[in-house]
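Taking full-length UniProt numbering, the leading residue of the sequence shown gets 1, the next gets one more, and so forth. Just so it is clear, CB atoms sit at the ideal spot from N, CA and C, and this is done for glycine as well. The structure under discussion appears below in the form of structure tokens.
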Amino acid sequence: MQDVELVWTGGQPRGLHGTDILEASLARFRANLTEKQKQRIGKVTSLEGLIGQVEKLQNKYRAKAQSRWFDKIAPVLIWLTGFNQCVHSFLQASPPEFALVWGSLSVVLEVAARYRRSLEHVVEALDTARCTLPRLEVYAAILRKGPYQSLEESLIKIYVEFLGICQDFIAFFTRSPTVNILASFFKPLKNKTGPRLDRIREYTYHIDQDASVATGHFQIIRCETQYQELVSLINNSARQPFDKTMLLGKLPYRKLPTPNTAFFGRERELGQLWLSLDPQRHRSTLTSTACYGFAGAGKTQLALEFAYRHLGSFAAVLWVEAETPIKLEESFRKIAHGLGLVGDAVQHPDKVKDAMNEWFSRMEATDDLAHPTNWLVIFDNVNDASTIEPYRPRARHGSIIVTCRDREVAREVSTQRNGISSSIEVELFDPESATRFLLNTIGISSPSPQEVTSASHICKSAGNHTLALDLIGGYIRKCGMTMQQFIQQYPTSDAVLHQASVTNLWTMYLEDSKTGNALDANAKLLIQMLSLLDGDGTPFSLFTDKSRRDMLLEGPDMCQEFPSLEATLDTPFNDLSAFDQARASLLRPSLAKVDKDGSRIRCHRLVQTAVAQSMSPQTISKVFHQLVFFMNASFPHQDGGRPLLDQWEKCEELASQVQALLESYKRHREHIGEPILLCEIICRCSWYFYERGQYKTSLEMTDDGISICERALAGSHAGYSRWFVRDMISHLANVRAAVLRDIPAVDHGLTLAQQVLEIRQGNRRSGSELSADEKFWVSAAKGNLAVSLMGSGQDEEALQVLMELLESKDADCNRDLYLGNTGLCLLRLGRLNDAEAYLDRAVESTRELRGEDTARMAVCYFYLSTLYRKKGNLSSAMTTLQHCLNLRTQHLMPHHHHTGFTHHQMGVLLQTSGNDLEATNHFTDAYRILSSGECHPGAVCRTLYALAESYRRLEHPMASTCLREAETFRGRIRDVDTREFGQDPGRYDRFVTVGLR
């Protein structure tokens with residue numbers, strides 16, 4: 001099969017005009033197709049047809065690994081729309097000619113979708129093309145009347161290369177219908193498409209050249225568009241979508257907990273909710289109603305029943321676990337991902353909030369569509385109104401339910417009508433309803449008078465408490481006894497309404513020796529573990545398939561001294577049938593529930609409390625430490641201190657469990673002692689939060705971990721040597737130092753970096769010499785110290801440290817890191833030629849040790865770009881920085897503040913080259929990212945002042961708006977006096993981590 005290729009010289013096609021080349025390429029492309037391929041391509045002749053085909057494929061593979069890659073196709077289709085407009089405007093290409101692209105892509109996606117890896121390669125290549133090219137639809141609208149020859153020729157080249165990419169895909173998958181799982185299998189395909197993408201990047205330069213020539217009207221239009229976008233951003237209002245139908249997400253969306261098939265009563269409360277929230281009655285109003293009352297009264301079940309009864313009234317029903325900020329973040333991330341609003345690469349929770357707020361706005365803007373766009377959000381188990389405030393929809397209409405215990409919280413979050421709160425108190429059942437509920441739970445539909453009397457007696461003794469009656473009914477049903485037998489076996493006791501009645505019931509399960517219906521040992525162990533974990537559910541995977549090796553990894557270094565280590569490591573749940581039986585034993589009497597997708601188990605918080613109160617101190621200690629070993633085997637490890645980027649999904653799944661263990665430790669500290677291994681897990685979890693840019697959470701967790709270690713050093717640390725505990729402190733302090741370098745703090749983490757180095761240099765396991773492992777971590781501490789020294793302006797001292805490291809064999813594992821930082825240090829010292837030599841070595845070393853598509857390579861490219869800029873080579877600086885930006889946006893962290901700093905730097909380069917219009921795009925992207933994260937307000941100031949300068953040069957009024965917003969952020973700077981800084985962006989470099997200035 002011949003390739004679609006051209007030979008160009010000096011920007012002109014050799015021997016043919018551009019249109020001749022286009023016609024020849026189209027003819028060659030058609031000639032290379034089989035008749036069957038032509039027929040398949042001919043079935044899709046428009047963008048709408050391609051979108052329809054993508055939706056069919058997305059539905060077909062929704063439950064498979066391919067599904068997430070379909071989320072990334074929408075931006076490509078939108079880009080192709082602009083490309084199509086340009087082709088029609090400049091080349092006068094007829095629709096059938098461009099239909100080759102729609103039809104070819106349809107065939108490619110259909111074939112590639114059969115295998116995740118093949119679809120991944122196709123989408124990545126298409127997205128690379130999208131990210132490389134400019135905003136073509138804008139150029140088509142503004143430049144179509146001008147004599148822009150290079151633009152026309154570049155478009156022809158791009159069109160031909162794009163056809164070539166389609167051909168490469170078709171040929172490859174035709175020859176290789178079965179896809180090998182090895183990455184090397186796709187090397188021939190990459191060898192074909194890679195050079196094509198490189199040529200597309202080159203052709204982009206010519207398009208940008210013509211665009212920059214077209215000042216005047218073009219600049220005015222672009223500035224006005226940018227102005228409206230930035231004003232909207234600064235005012236925290238969502239931007240209007242370009243296509244309402246494409247960006248509503250995957251509707252209908254109704255992912256709810258498992259329905260309660262035994263729901264009983266509450267018709268009055270359900271009616272009140274409907275009167276308050278009926279979307280037709282309150283079409284132009286945002287209504288919020290809280291359900292409050294005793295724990296275990298049935299608030300959550302009421303909200304769930306309402307949602308299921310009225311599914312048809314809402315296009316989207318969003319269930320949010322709202323007990324803690326971490327659970328809120330996790331719930332909204334899952335919802336945003338489920339709606340197709342974000343991909344797997346979105347990091348910071350604020351970005352998810354932005355996506356959701358924009359979605360709510362789009363839902364408002366779709367009243368003209370045929371399908372309903374009403375939505376319902378349920379915030380479950382809210383303890384503090386301020387917790388959910390950042391997540392409450394900022395929309396003009398919609399429905400919200402909040403479940404909580406506190407009356408004041410309910411009043412605060414509910415809509416006020418005529419000064420009266422619309423909140424609903426979920427009271428305990430009245431005696432008659434409680435009796436009918438218990439009979440219904442047991443399964444007695446036609447009770448005798450004696451059964452009614454017995455049920456009434458039991459309800460009275462349990463205080464008519466809903467959860468207690470549910471447990472009693474489950475117990476009676478499980479044991480196969482009558483209610484009279486139950487009363488005889490368990491005489492009435494004076495029970496406090498809620499917690500005491502549940503505690504008494506739990507005692508029955510523990511001590512039921514009379515009937516032989518007590519929980520077996522495995523079921524008892526499972527619910528004891530659940531009592532110490534997250535009440536909103538725990539993944540099955542935490543309990544099962546745990547090897548001794550994995551549980552002990554990074555664990556006790558003095559195993560012989562760890563109390564009852566073998567008994568602690570012994571788990572019955574490695575036998576999946578044992579776990580399944582234990583789970584079933586808890587489900588039958590309603591002690592626990594499993595979520596709808598069958599992957600998580602949870603029990604009510606009252607049951608958690610009752611179970612924990614029933615455990616002896618020895619049992620609490622044993623169960624807690626078992627869970628810590630389970631978590632140690634489950635939470636992703638950092639091999640040699642490497643990033644956790646590719647394991648974020650697993651980290652997110654377990655982060656709330658780590659926090660729950662930390663809270664359980666605080667409640668039972670006198671029984672548990674100081675869990676050093678939990679500190680090791682905290683170290684990994686806090687690093688995960690650091691990578692995500694959630695600095696506050698990271699610092700809080702490391703602070704708890706260090707406190708545990710310090711108490712252990714002052715008291716007991718059985719199973720762990722003093723060396724191990726001190727080493728653990730150094731790793732936790734290292735995470736804190738990394739956060740302080742990134743924020744950055746006043747000293748850029750220098751004090752902590754020095755403490756880490758002192759601990760590691762003085763912490764010897766045995767003898768007077770450091771072991772090889774200890775030397776490695778000392779080298780790592782020196783490398784981090786060098787970065788903090790640079791941040792503090794001590795570049796000569798930093799260079800000395802780095803040079804010593806490069807001469808040491810102990811630094812080989814991180815040689816790429818030290819080479820890059822040495823190049824940065826020399827760059828800061830003005831030794832540009834030396835810096836270039838070290839940075840070139842750093843790139844090669846990074847490629848060898850880490851790979852091309854890594855965070856470390858992105859850093860190397862950033863440093864090289866800064867070097868080229870200082871040398872005055874703006875073209876190389878932009879090309880290199882674009883590589884960095886592509887890595888961050890496509891493979892790593894598109895919404896992380898490091899990406900924001902990269903956008904800022906690209907804006908500086910464009911500003912320096914006189915292209916202020918394009919600079920405003922990147923500065924705006926930087927502002928959007930930085931203003932929504934946890935970076936230093938001074939960093940946001942820097943970007944806003946730079947953006948204001950570009951607008952000033954363009955003589956646009958947006959400059960004053962940016963300056964006002966910059967002053968707002970400057971007012972938030974507390975650690976430095978900035979009164980002398982003025983509006984010079986360079987003066988605010990100090991508020992950016994040293995390597996990304």
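Judged by DSSP secondary structure, I400 falls within the beta strand (DSSP E) whose first and last residues are G398 to C404. Contact annotation: the stretch 900-913 does not touch the stretch 967-978, with fewer than three C-beta pairs closer than 8 Å.
Ranked by how close their Cα comes to the Cα of V801, the residues A772, N833 and Q754 have Q754 in first place. Two segments are said to touch when three or more pairs of C-beta atoms, one from each, lie closer than 8 Å; by this definition the stretch 764-773 does not touch the stretch 693-712. The C-beta separation of V377 from L318 comes to about 5 Å, placing the pair in contact by the 8 Å criterion. For I424, the CB contacts under 6 Å within the same chain, skipping 5 residues up- and downstream, are E269, Q272 and C291 in chain order. Secondary structure at F169: helix, using DSSP grouped into helix, strand and coil. Rounded to whole angstroms, the gap between the alpha carbons of T258 and V594 is 8 Å. Spanning the alpha carbons of G933 and G982 requires a straight line of approximately 24 Å. Where E321 is concerned, there is no enclosing alpha helix (DSSP H), although the beta strand (DSSP E) around it starts and stops at A316 to E321. A contact is defined here as three or more CB-CB pairs under 8 Å, and the stretch 611-619 fails this definition with respect to the stretch 638-658. If the five residues before and after S414 are omitted, its C-beta is found closer than 6 Å to the C-beta atoms of S288, T289, A290, S421, S422 and S423, all from its own chain and listed in chain order. Look at the beta carbons and you see the stretch 873-885 not touching the stretch 821-841: under three pairs across the two are nearer than 8 Å. Across the set I759, D747, T702 and F306, the C-alpha of I759 shows the shortest separation from the C-alpha of R726.
A contact is defined here as three or more CB-CB pairs under 8 Å, and the stretch 679-686 fails this definition with respect to the stretch 915-924.
By the Cβ test, the stretch 435-450 is in contact with the stretch 468-485, since at least three Cβ pairs between them sit closer than 8 Å.
Beyond the five residues adjoining it in sequence on each side, Y818 comes within less than 7 Å, by CB distance, of G783, L802, L805, L806 and A811 in the same chain, given in chain order. Assignment of V994 by DSSP, reduced to helix, strand and coil, places it in the helix class.
If you look at S288, you'll find it isn't in any alpha helix (DSSP H); it sits in the beta strand (DSSP E) that goes L286 to Y292. Taking a cut-off of 8 Å on C-beta distances, the stretch 553-569 does not touch the stretch 577-584, as fewer than three cross pairs fall below it.
DSSP places F379 outside any alpha helix (DSSP H); the residue lies instead in the beta strand (DSSP E), whose first and last residues are W375 to V382. A distance of 8 Å or more separates the beta carbons of L887 and M906. In this structure D816 is buried. Its beta-carbon is surrounded by 16 or more other beta-carbon atoms within 10 angstroms. Straight across, the Cα-Cα distance linking T978 with R987 is about 9 Å. Of the other Cβ atoms in all chains shown, 16 or more fall within 10 Å of the Cβ of P279; this residue is therefore buried. Assigned with DSSP and collapsed to three states, V426 falls in coil, not helix or strand.
Rounded to whole angstroms, the Cβ separation of S104 and I200 is 16 Å, and the two are not in contact under 8 Å.
Q489 is classed as exposed because its beta carbon has fewer than 16 other beta carbons within 10 Å across all chains shown. Going by beta carbons, Y927 and L954 fall outside the 8 Å limit. Of R583, R588, A610 and A612, the smallest CA-CA separation from G598 is found for R583.
For A610, the closest alpha carbon among the candidates W687, A295 and F169 is that of A295. Distances from the CA of Y720 to each of H310, G830 and G555 were compared; the closest alpha carbon is that of G555.
Per the C-alpha coordinates, the member of S276, F169 and E110 positioned closest to V402 is S276. In this structure, DSSP gives V594 an extended state, which the three-state scheme calls strand. Straight across, the Cα-Cα distance linking S331 with E321 is about 6 Å.
Here DSSP, grouped into helix, strand and coil, assigns Y720 to coil.
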